[in-house]
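Chemist: There's a structure below that I have some questions on.
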Amino acid sequence: MQAARLHEYTDDMSDALQVEDIDRPDLERSDQVLIEVEGAGWCQTDNHIIEGMWTDYAPQDLPMTLGHENAGIVAETGEEVTLVAEGDPVICHPVQTCGICRPCRLGEDMYCENSAFNGLTTDGGFAEYLQTNERAVIPLPDGVDPTDIAPHADAGITAYHAIKKAVDELNPGDTCVVIGVGGLGHIGLQCLDAMSAADIVAADIKDEALELAEGLGARHAVNSAEEDLADVVADLTDDEGAQQVVDFVGRDETTALAPEIVAAGGDHHIVGYGGHVHEPSQALVNGEFSFRGTLVGKYAELQELVALVERGDVELRTERHDLGEINTVAERLEHNEIEGRAVIQPP
Numbered sequence: 001m002q003a004a005r006l007h008e009y010t011d012d013m014s015d016a017l018q019v020e021d022i023d024r025p026d027l028e029r030s031d032q033v034l035i036e037v038e039g040a041g042w043c044q045t046d047n048h049i050i051e052g053m054w055t056d057y058a059p060q061d062l063p064m065t066l067g068h069e070n071a072g073i074v075a076e077t078g079e080e081v082t083l084v085a086e087g088d089p090v091i092c093h094p095v096q097t098c099g100i101c102r103p104c105r106l107g108e109d110m111y112c113e114n115s116a117f118n119g120l121t122t123d124g125g126f127a128e129y130l131q132t133n134e135r136a137v138i139p140l141p142d143g144v145d146p147t148d149i150a151p152h153a154d155a156g157i158t159a160y161h162a163i164k165k166a167v168d169e170l171n172p173g174d175t176c177v178v179i180g181v182g183g184l185g186h187i188g189l190q191c192l193d194a195m196s197a198a199d200i201v202a203a204d205i206k207d208e209a210l211e212l213a214e215g216l217g218a219r220h221a222v223n224s225a226e227e228d229l230a231d232v233v234a235d236l237t238d239d240e241g242a243q244q245v246v247d248f249v250g251r252d253e254t255t256a257l258a259p260e261i262v263a264a265g266g267d268h269h270i271v272g273y274g275g276h277v278h279e280p281s282q283a284l285v286n287g288e289f290s291f292r293g294t295l296v297g298k299y300a301e302l303q304e305l306v307a308l309v310e311r312g313d314v315e316l317r318t319e320r321h322d323l324g325e326i327n328t329v330a331e332r333l334e335h336n337e338i339e340g341r342a343v344i345q346p347p
């Protein structure tokens with residue numbers, strides 16, 4: 001089968017992955033599932049993996065097939081698998097969990113002590129076939145296209161996971177600021193609109209992203225390259241600040257906004273990453289606000305997101321590309337030239 005493989009870390013996205021022929025994976029355990037990949041979303045994290053940013057956090061054995069946002073058709077199942085059968089359309093949670101460690105028993109899939117992360121610690125879905133396990137697959141409802149929904153396996157569930165935490169702290173009439181209305185942000189904004197009665201303030205540096213935000217439920221749209229976001233939030237909240245801020249950018253300049261825009265006792269959720277948090281400890285003490293990180297989400301949360309998609313509450317903006325175009329996609333995303341999400345389709 002054909003697969004897009006990373007052989008060495010590089011900052012040059014133009015020739016980062018090699019499309020080559022490798023053996024189709026075999027099922028090695030009775031709980032495993034083989035997926036014929038219909039679509040695999042390209043993610044900013046893929047760029048970061050290529051750059052070697054994850055080597056200190058996750059073991060990687062190169063060469064490796066990337067791709068952690070995967071959906072497709074069940075091609076084969078192990079003898080103990082009962083959840084799905086050959087021919088079923090599914091979306092794949094990116095983490096294959098064991099189900100028996102303490103975090104798994106508590107329902108905290110992302111903390112599994114024996115996990116395998118597709119496209120990060122084990123081969124992923126930028127290939128014709130993907131090996132995963134029964135605990136990672138979610139059957140898709142009738143009418144939901146695996147190619148269209150594939151990016152929800154990470155982008156969608158990550159955005160949903162952050163928004164769900166924020167919604168727990170939001171009351172009707174509270175203010176929530178969404179920073180960045182790109183590939184993740186446009187999903188998170190729709191989840192926020194569907195799940196809360198908060199006033200949504202969307203901030204971005206691109207006018208087309210702000211137009212999209214207004215169409216997806218934002219009450220206020222702020223071009224932060226032209227307006228001071230802190231001043232706008234102060235005006236909208238009578239200097240109280242936003243009860244929740246969801247930062248889909250995660251750069252130094254956006255995390256630095258927290259002391260100025262987060263209300264006392266509120267949270268600044270960091271979803272996008274690549275920057276740093278450089279705030280005086282006194283600022284956190286004075287405002288008693290928190291920085292909260294977001295790492296993908298739980299299996300059950302992906303089920304919930306699929307339900308929102310089926311109801312029509314969340315719609316993905318996607319563009320499709322052949323496997324041979326994969327480095328072009330990586331380079332375009334590096335230059336912020338992709339609106340929504342790019343989906344790779346194997347041959």
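Residues 1 to 347 in UniProt numbering are what the sequence shown lists, from first letter to last.
Here a beta-carbon is modelled for each residue, glycine too, at the ideal position from N, C-alpha and C.
By DSSP's criteria, H236 is part of a beta bridge. Which residues make up the other side?
Modeler: Note that residue 236 is Leu in the sequence shown here, rather than His. In the DSSP output, where bridge partners are listed per residue, L236 has none listed.
Chemist: Can you give the Cα-Cα distance for A330 and Q244, rounded to whole angstroms?
Modeler: Rounded to the nearest angstrom, the two C-alpha atoms are 32 Å apart.
Chemist: Using the C-alpha atoms, what's the distance from D123 back to E319?
Modeler: Answer to the nearest angstrom: the Cα atoms are 23 Å apart.
Chemist: Here's the rule I'm using: 16 or more other beta-carbon atoms within 10 Å means buried, otherwise exposed. How should S115 be labelled?
Modeler: The residue in question, S115, is buried, as its Cβ has 16 or more Cβ neighbours within 10 Å.
Chemist: A71 to N133, Cα distance in whole Å?
Modeler: Using only the alpha carbons, I get a separation of about 13 Å.
Chemist: To the nearest angstrom, how far is it from the Cα of H220 to the Cα of E208?
Modeler: Distance between the alpha carbons of H220 and E208: 14 Å.
Chemist: Is it right to say P94 is buried, meaning 16 or more other beta carbons lie within 10 angstroms of its own, or is it exposed?
Modeler: Looking at its Cβ environment, which holds 16 or more other Cβ atoms inside 10 Å, P94 is buried.
Chemist: Roughly how many angstroms lie between the CA atoms of I50 and L140, to the nearest whole one?
Modeler: Cα to Cα, I50 sits roughly 30 Å from L140.
Chemist: Put T254 into one of helix, strand or coil per three-state DSSP.
Modeler: The answer is helix: DSSP assigns T254 an H, G or I state.
Chemist: Could you give the residue range of the alpha helix (DSSP H) that holds I179?
Modeler: Element bounds for I179: not the alpha helix (DSSP H) but the beta strand (DSSP E), T175 to I179.
Chemist: Around the Cβ of V343, are there at least 16 other Cβ atoms within 10 angstroms (buried) or fewer (exposed)?
Modeler: When all chains shown are included, V343 counts as buried.
Chemist: Are the CB atoms of G340 and H186 nearer to each other than 8 Å?
Modeler: In this structure, H186 lies closer than 8 Å to G340 by Cβ.
Chemist: Is it buried or exposed, H68, if we count other Cβ atoms within 10 angstroms and call 16 or more buried?
Modeler: Buried, because 16 or more other Cβ atoms sit within 10 Å of the Cβ of H68.
Chemist: So, helix, strand or coil for I73, using DSSP?
Modeler: Correct three-state label for I73: strand.
Chemist: Considering only the beta carbon of each residue, do F248 and V271 sit closer than 8 Å?
Modeler: Contact flag set, yes.
Chemist: Rounding to the nearest angstrom, what Cα-Cα distance links V19 and M1 in this structure?
Modeler: Using only the alpha carbons, I get a separation of about 10 Å.
Chemist: Which whole-angstrom value is the C-beta distance of T255 and V232, which I expect to be below 8 Å?
Modeler: The Cβ separation is near 18 Å, so there is no contact.
Chemist: How many angstroms separate the CA atom of E169 from the CA atom of E240?
Modeler: About 16 Å.
Chemist: Going by C-alpha distance, which of L130, G107, W42 and F126 is nearest R24?
Modeler: The shortest Cα separation from R24 among L130, G107, W42 and F126 belongs to L130.
Chemist: Can you give me the start and stop residues for the beta strand (DSSP E) that residue 360 sits inside?
Modeler: For the chain, the structure presents residues 1 to 347; residue 360 sits outside this window and is missing.
Chemist: Cutting at 8 Å between CB atoms, please list the residues of its own chain near residue 409, excluding the five before and the five after it.
Modeler: A question about residue 409 goes unanswered here, because the residues of the chain that appear run from 1 up to 347.
Chemist: Straight-line CA distance for E86 to V33?
Modeler: Distance between the alpha carbons of E86 and V33 is about 9 Å.
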